[in-house]
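*Asks:* Per this note's numbering: the sequence shown = residues 638 to 763. Ideal Cβ positions, reconstructed from N, Cα and C, are used throughout, including at glycine. Since the model is a prediction, treat every value here as computed from it, not as a measurement. Before anything else, here's the structure in question.
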Amino acid sequence: MKKYPALLALVVFLVAFLGSLLLFTLPGSKVPSLYWIKIPQLDKWIHASIFFTLCFTAATAIYSISHKRIGGLIALIIAGLFLFYGIGVEFYQESAVEGRSFEKLDILADGAGCLLFLVYVRLSRH
C-alpha cells in the first residue's frame with residue numbers, strides 16, 4: 638500500500654511535465670487565448686506558475702519515493718534543471734514551432750517560478 642502515494646506523486650509530476658511540454662510545443666495558432674482576462678503580462682504569470690508547479694511536483698515525487706526531506710542542494714538542482722528546461726524550450730520554439738518565438742522574458746518568468754520554489758523550500762524548513 639505504501640507504493641501508491643509514491644506512484645501518485647510520480648504520476649502527478651509526469652502529467653504536469655508532459656502537459657507543459659505539450660503547451661510549450663503547440664503552434665502559435667493553437668495556443669489557448671485568454672484575452673478576456675485583463676491581467677498585465679498574464680502569460681508570464683502562467684510561465685512562473687508552471688515552473689513552480691514542475692519544481693514542486695518533482696520534489697514531491699522525489700520525497701515520496703526516497704522518504705528523505707528535500708534539502709537545499711536537491712531543491713537547487715531541481716530548480717536548475719527546470720530552468721535549463723525552460724531555456725531549451727525557448728530555443729526549440731524559435732527553431733521548430735510555427736508561430737512561436739524565443740522570448741527572454743519567458744525565461745525570466747520561468748526562473749521566477751523556480752526561485753519561488755526555492756523560497757518555498759527554505760520557508761517550509763523552518
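#1: If you follow the alpha helix (DSSP H) that Gln730 is part of, which residue opens it and which one closes it?
#2: Whose CA, out of Arg706, Ala695, Thr662, Lys667, lies closest to the CA of Leu645?
#3: Assuming the contact rule is C-beta atoms closer than 8 Å, Asp747 and Gly725 should be a hit. Round their C-beta distance to whole Å, please.
#4: Using only the alpha-carbon positions, how far apart do Ser761 and Leu710 sit?
#5: Using three-state DSSP, classify Phe739 as helix, strand or coil.
#6: Rounded to the nearest angstrom, what separates Gly750 and Gly736 at their Cα positions?
#7: Can you name, in chain order, every residue of its own chain whose Cβ lies under 6 Å from the Cβ of Gln730, other than the five neighbours on each side?
#8: Looking only at its chain, what residues have a beta carbon closer than 7 Å to the beta carbon of Gly665, apart from the 5 residues adjacent to it on each side?
#9: Asp743: which of Ile707, Leu651, Ser686 sits nearest, CA to CA?
#10: Here's the rule: buried if 16 or more other CB atoms are within 10 angstroms of the residue's CB, otherwise exposed. What is Ser657?
*Replies:* With the structure as the only source:
#1: 709 to 733
#2: Ala695
#3: Not confirmed; about 10 Å, so no contact.
#4: 15 Å
#5: coil
#6: 24 Å
#7: Arg737
#8: Glu735, Gly736, Arg737
#9: Ser686
#10: buried
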